[in-house]
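Colleague: Protein chains in written order, with the working numbering: chain P, 1 to 268; chain D, 269 to 536; chain C, 537 to 804; chain Y, 805 to 1072. Here a beta-carbon is modelled for each residue, glycine too, at the ideal position from N, C-alpha and C. Dumping the structure here so I can ask a few things about it.
Protein chains: 4
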Amino acid sequence: MRELYIETQEEEPEIKLPLPRVGITNLRTVAKINWKGRVYTFIPTFEVTIDLTEEKKGIHMSRLIESITDAMSEAIEEEVKRIHTSLEELALAIIKRIEEKHPHRRAEVWIKTTLILEKETPTSRKISYEPYDVEVGVIKESNIEKVLKVRVIGNTACPHAMANNQGRTHIQRAIGELEIRTDFEENIALEDMIEVVESSFSSPTYTLLKTSDENAVVRRMYENPKFVEDVAREILAKAKERFKGRIHVRVISNESIHKHDVIAEAWA
Amino acid sequence: MRELYIETQEEEPEIKLPLPRVGITNLRTVAKINWKGRVYTFIPTFEVTIDLTEEKKGIHMSRLIESITDAMSEAIEEEVKRIHTSLEELALAIIKRIEEKHPHRRAEVWIKTTLILEKETPTSRKISYEPYDVEVGVIKESNIEKVLKVRVIGNTACPHAMANNQGRTHIQRAIGELEIRTDFEENIALEDMIEVVESSFSSPTYTLLKTSDENAVVRRMYENPKFVEDVAREILAKAKERFKGRIHVRVISNESIHKHDVIAEAWA
Amino acid sequence: MRELYIETQEEEPEIKLPLPRVGITNLRTVAKINWKGRVYTFIPTFEVTIDLTEEKKGIHMSRLIESITDAMSEAIEEEVKRIHTSLEELALAIIKRIEEKHPHRRAEVWIKTTLILEKETPTSRKISYEPYDVEVGVIKESNIEKVLKVRVIGNTACPHAMANNQGRTHIQRAIGELEIRTDFEENIALEDMIEVVESSFSSPTYTLLKTSDENAVVRRMYENPKFVEDVAREILAKAKERFKGRIHVRVISNESIHKHDVIAEAWA
Amino acid sequence: MRELYIETQEEEPEIKLPLPRVGITNLRTVAKINWKGRVYTFIPTFEVTIDLTEEKKGIHMSRLIESITDAMSEAIEEEVKRIHTSLEELALAIIKRIEEKHPHRRAEVWIKTTLILEKETPTSRKISYEPYDVEVGVIKESNIEKVLKVRVIGNTACPHAMANNQGRTHIQRAIGELEIRTDFEENIALEDMIEVVESSFSSPTYTLLKTSDENAVVRRMYENPKFVEDVAREILAKAKERFKGRIHVRVISNESIHKHDVIAEAWA
């Protein structure tokens, strides 16, 4: 029955310019990943776009949205998701659905969510569940590229104040971001990227800390004073060694002695 | 081994004033709910507080956090969660864990998350997965009170512009919020609260809309023009009829003809 | 010419319920204050509401917005603003404009902005310009009430970790909020409220810090370790002594050892 | 007296990698612009960075911050600001201050603020003050480049729904962003960029609208239905014609029939 409707999107646009990215954004829906044999449920935020040629007025948002919802509902209904073993596999699965429904030359799927990972606390060896913001983008044009982003909460203990105050210094929460843009086939785990960032702060942070653990974290921060510059360099050096692709690092420190933040950024 | 440490929290504070709410906030961790026989996973944001008497310097954050993480890890590890059949049951389960670990007179647990509900589109009868922000608070003092909040995205079609423009009018996205504060035992489903709000707009909104559905939504908006005032009144009237407790309603319309928003608010 | 249009707002609503707050929100516009003889310009965010009786379908948003814009443009055009000597005087001036234009029983004006205050750094005695978020609400019903809010960035140095780690401890940025609800006539300066909060942290913070100043701030933090509980109690005690009205205090500490925050809240 | 302190920043870093961007961010302070002969005050948010060579451990944040505060306090104290006739001139003035204080090869200053512009309403010809988010970045390396960004709130009336519903359609708020990266010397006014975006929606929006104006806006939206694709293309075409530099366009529509947004993006 679709042909009974006027398809304004198929008309010629007044301004004949191609658009590389047209689609939906800020869409929240449920997704399931079969990760290392265990099914995880997320409610990520999606951005899905395709390109639009200069000859057409618009993309069929309705068809596009249908494609996306289909891929999502597949993820909900099937018991075991052989295909969705990572966020990037899920993104690619959505792109494949779109390919069946809407002509295009370029497609992108971006998935933003929170990962919860199990960590062990430093001395009491208790399990602590730690949250990490991650984002995965898959861009398919002539080849398939992916972008992997992690955002990790840590801290910095200022080495300059420490040197000038007999070992006392200002300490603060800091946020480290690592982004890698690479071939889809490149095998990079978000968990490994998180580890690279988390191990580069003055100390990792934990949701659960018994007093003995808290003391260990405090000791570690004082033994390991770092500028945001040091944190950014360490993330960059480790990432260059472990991962193949274009790397972007950004560290922001929520200074405890200022009302503003400090920043260090690098790319390779 | 805990007794080897100095417990600063147990000391007498310099300023002897009781504090009704002390604890942790903005904690994100995983939670599972067994809802109508099916296990749902969320990554909510938690705020958990207890009161502090005037005689003690601080609460044992470390113990409190441990209590919370325990309740959370229980939710992760057990296969079927008999106890957590709703967000408010989960909140109460956390309060019960705290009761075993830390003396207090008042405890609060607040859980903020996103619910995804299945809806049917108006004419194609396809399934569309819709996101809703919800928050649940449980406050235990002498009795147990709960606060239930839902936030629903809908729309308004302005009746004043419609009357002055031969049936044409400005339309925009609007957000309706409904909060109910009531006894813990009161049986109120978040889904019912969502339905009350969603049915009070000019039209409900859908993630997936085929052209026939889109037309149905457009028709419904024009047949059902509403000010934010109308939406707020309708939510209030329905909520008063269906739910027992103190009610708060807030509707915000992201005007398409202005850069600012309009608001209507009421309570009962 | 206004009477040529249909005034849908004047019609009888389907659901006859009064609404205490109807109006505009998230409106950004320019405002000028003549504060201690010097004119300051702000671009605040406004929320302005009036009540709606059960007999009318809506308020005249267009008239209401006109009233607000009038008061604002007056503030822009006049060289010296004798009337607007504080944010609350400006709020009251807006309410008086509304009174001439739209019948109502209750009116509220809320103004949110950033204040920049001059501070002197601890040892180099340089001037440092410090930003503070403030909000002022004026509510006129039978009498006139005002609500004053300040939000100040400071820090906490944990006394528990300090006691257990030979004087070393974790330090972090903290945010203190103080709200006072009182008679309009009560004379309370936002600057005094800011001072109450800022002086209650382990140390105040500064935008500009030379090394000698930074050392002074570091020393002060270690000499003055505080839980969020201590900060909240000190703000509450000082506020009770200095200001007349209902007081609400909230302190949030962005823990450097955790990914979550800790909170202490009190009211009087 | 500075030389009495240990200058940790001057030490050799453990990891010898250069960092292109190190500095401060999220700094809010007051700034004054003498724009077309009239002094305007803003409270912008600043990000200021310089590069760090591989031989040094850190930049002198304290010196850098001092440079920035100096430039800001100059802006506050002087009666007439001959030098700061635009946000980009102010940014360049900050860079010049840094050049006197800290060696570097690359410096960036980013200033984010809100502009309020006077508009005339469509039929009543009243003045309406309209807010626009803008950001200006100046990057000085071998040459000086600037980045100008504006963010404008408008609307879209869907042409597809209009064609399928006898002239009725869904309408919603939309946000258009235009960014231009060009030589510092290129003469581009933020006001002209705003006009390009604002004139590309189905209709401009206004803070103040009398009923006759509201009717004019409603008429204009129905006579001028547009997809986000149409808005993006029109902004792109106009910007290419009027401005010299690299152009980025992004339009987001807060759909009134969906809970998510739609997006169109292009660059040239």
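Taking the alpha carbon of methionine 698 of chain C as the point to measure from, which residue in C/Ile542, C/Thr650, C/Asn760 has its own alpha carbon closest?
Modeller: The shortest Cα separation from methionine 698 of chain C among C/Ile542, C/Thr650, C/Asn760 belongs to C/Asn760.
Colleague: Taking only beta carbons into account, state which residues of the region 426-459 of chain D come closer than 7 Å to chain Y, listed in chain order.
Modeller: Per Cβ criterion, the list reads Ala429, Asn432, Asn433, Arg436, Thr437, His438, Ile439, Gln440, Arg441.
Colleague: Helix or strand or just coil, what does DSSP make of valine 298 of chain D?
Modeller: Coil, per DSSP.
Colleague: DSSP three-state call for glutamine 277 of chain D: helix, strand or coil?
Modeller: Looking at glutamine 277 of chain D - three-state DSSP - the assignment turns out to be helix.
Colleague: Return helix, strand or coil for tyrosine 936 of chain Y, following the three-state DSSP convention.
Modeller: If DSSP states are grouped into helix, strand and coil, tyrosine 936 of chain Y belongs with the strands.
Colleague: Should glutamine 970 of chain Y be labelled buried (16 or more other beta-carbon atoms within 10 Å of its own) or exposed?
Modeller: Exposed, because fewer than 16 other Cβ atoms sit within 10 Å of the Cβ of glutamine 970 of chain Y.
Colleague: For leucine 476 of chain D, which residues from the same chain have a beta carbon less than 7 Å from its beta carbon, with the 5 sequence-adjacent residues on both sides left out?
Modeller: Excluding sequence neighbours, leucine 476 of chain D sits near Thr389, Lys394, Ser396.
Colleague: Indicate whether isoleucine 94 of chain P and threonine 382 of chain D have their beta-carbon atoms separated by less than 9 Å.
Modeller: Not closer than 9 Å, so no.
Colleague: Shortest alpha-carbon distance to leucine 355 of chain D belongs to which of D/Ala299, D/Asp338, D/Ile274, D/Ser335?
Modeller: If we check each option's Cα against that of leucine 355 of chain D, D/Ala299 comes out closest.
Colleague: Could you name the residues of the same chain whose beta carbon sits closer than 7 Å to that of glycine 781 of chain C, not counting the 5 residues immediately before and after it, in chain order?
Modeller: Answer for glycine 781 of chain C: Ile716, Arg717, Thr718, Glu722, listed in chain order.
Colleague: Is the separation between the beta-carbon of arginine 564 of chain C and that of isoleucine 604 of chain C shorter than 9 Å?
Modeller: Not closer than 9 Å, so no.
Colleague: From the beta carbon of glutamate 135 of chain P, is the nearest beta carbon of chain D less than 9 Å away?
Modeller: Closer than 9 Å: no.
Colleague: Contact defined as beta carbons within less than 8 Å: I believe lysine 226 of chain P pairs with alanine 268 of chain P. What is the distance between those atoms, to the nearest angstrom?
Modeller: About 20 Å separates the two Cβ atoms, so there is no contact after all.
Colleague: Rounded to the nearest angstrom, what separates arginine 1024 of chain Y and serine 1007 of chain Y at their Cα positions?
Modeller: Cα to Cα, the separation comes out at about 6 Å.
Colleague: Go ahead and label serine 410 of chain D buried or exposed: buried means 16 or more other beta carbons lie within 10 angstroms of its beta carbon, across all protein chains shown.
Modeller: Serine 410 of chain D comes out exposed.
Colleague: If we require 4 or more residues per run, which alpha helix (DSSP H) segments fall completely within the region 937-989 of chain Y?
Modeller: The region 937-989 of chain Y contains these whole alpha helix (DSSP H) runs: 963-968.
Colleague: Rounding to the nearest angstrom, what Cα-Cα distance links glutamate 1059 of chain Y and glutamine 976 of chain Y in this structure?
Modeller: So the two alpha carbons sit approximately 6 Å from each other.
Colleague: Flag this pair as yes or no: are the beta carbons of lysine 16 of chain P and aspartate 1034 of chain Y separated by less than 9 Å?
Modeller: Going by C-beta atoms, lysine 16 of chain P is not nearer than 9 Å to aspartate 1034 of chain Y.
Colleague: Ignoring anything shorter than 3 residues, give me the beta strand (DSSP E) runs that lie fully in the region 898-931 of chain Y, in order along the chain.
Modeller: 911-924, all fully within the region 898-931 of chain Y.
Colleague: Whole angstroms are fine: how far does the CA of tyrosine 541 of chain C sit from the CA of threonine 1015 of chain Y?
Modeller: Each residue's Cα considered, the two are about 7 Å apart.
Colleague: Taking Cβ-Cβ distances shorter than 7 Å, what residues in chain Y pair up with serine 664 of chain C?
Modeller: Near serine 664 of chain C (Cβ distances below 7 Å), the residues of chain Y are Thr873.
Colleague: By how many angstroms is the C-alpha of aspartate 728 of chain C removed from the C-alpha of leucine 190 of chain P?
Modeller: Cα-Cα distance, rounded: 48 Å.
Colleague: For phenylalanine 495 of chain D, which residues in chain C fall below 7 Å Cβ to Cβ?
Modeller: Here the neighbours are Lys593, Gly594.
Colleague: Would you verify that the beta carbon of histidine 372 of chain D is, or is not, closer than 9 Å to some beta carbon of chain C?
Modeller: No, histidine 372 of chain D does not count as interfacial toward chain C.
Colleague: The beta strand (DSSP E) with glutamate 255 of chain P in it runs from where to where?
Modeller: First-last for glutamate 255 of chain P: undefined, no H or E at that position.
Colleague: On the criterion of 16 or more Cβ atoms from any shown chain inside 10 Å, does arginine 151 of chain P qualify as buried, or is it exposed?
Modeller: Buried.
Colleague: Taking only beta carbons into account, state which residues of the region 209-222 of chain P come closer than 8 Å to chain A, listed in chain order.
Modeller: In the displayed structure, chain A is absent; the protein chains listed are P, D, C and Y.
Colleague: Might you give, ordered along the chain, the residues of its own chain that have their beta carbon closer than 7 Å to the beta carbon of isoleucine 465 of chain D, omitting 5 neighbours on each side?
Modeller: Position check: residue 465 of chain D holds valine in this sequence, whereas isoleucine was assumed. Taken in chain order, the residues that qualify are Val418, Val420, Gly444, Leu446, Ile503.
Colleague: At the level of alpha carbons, what is the spacing between threonine 49 of chain P and tyrosine 308 of chain D?
Modeller: Distance between the alpha carbons of threonine 49 of chain P and tyrosine 308 of chain D is about 29 Å.
Colleague: So which residues on chain D does lysine 1063 of chain Y lean against when the C-beta distance must stay under 7 Å?
Modeller: Residues of chain D passing the Cβ test: Glu398, Pro399, Ile421, Thr473, Thr475.
Colleague: Within 10 Å of its beta-carbon, does proline 907 of chain Y have 16 or more other beta-carbons around it, so buried, or fewer, so exposed?
Modeller: That one is exposed.
Colleague: Report yes or no: is there a C-beta of chain C within less than 9 Å of the C-beta of proline 288 of chain D?
Modeller: Judged by the 9 Å Cβ criterion, proline 288 of chain D is in contact with chain C.
Colleague: Which same chain residues, not among the five before or five after glutamate 278 of chain D, have their C-beta less than 8 Å away from its C-beta?
Modeller: So the list reads Lys324, Lys325, once near-sequence residues are dropped.
Colleague: Would serine 256 of chain P count as contacting chain C if we go by Cβ distances under 9 Å?
Modeller: Yes - at least one Cβ of chain C is within 9 Å of the one on serine 256 of chain P.
Colleague: When you compare only the Cα positions, how much space is there between isoleucine 724 of chain C and glycine 291 of chain D?
Modeller: Going from the Cα of isoleucine 724 of chain C to the Cα of glycine 291 of chain D covers about 30 Å.
Colleague: Could you tell me which whole alpha helix (DSSP H) segments of length 4 or greater appear in the region 992-1062 of chain Y?
Modeller: Listed in chain order, the complete alpha helix (DSSP H) runs (minimum 4 residues) inside the region 992-1062 of chain Y are 994-1002, 1015-1027, 1032-1046.
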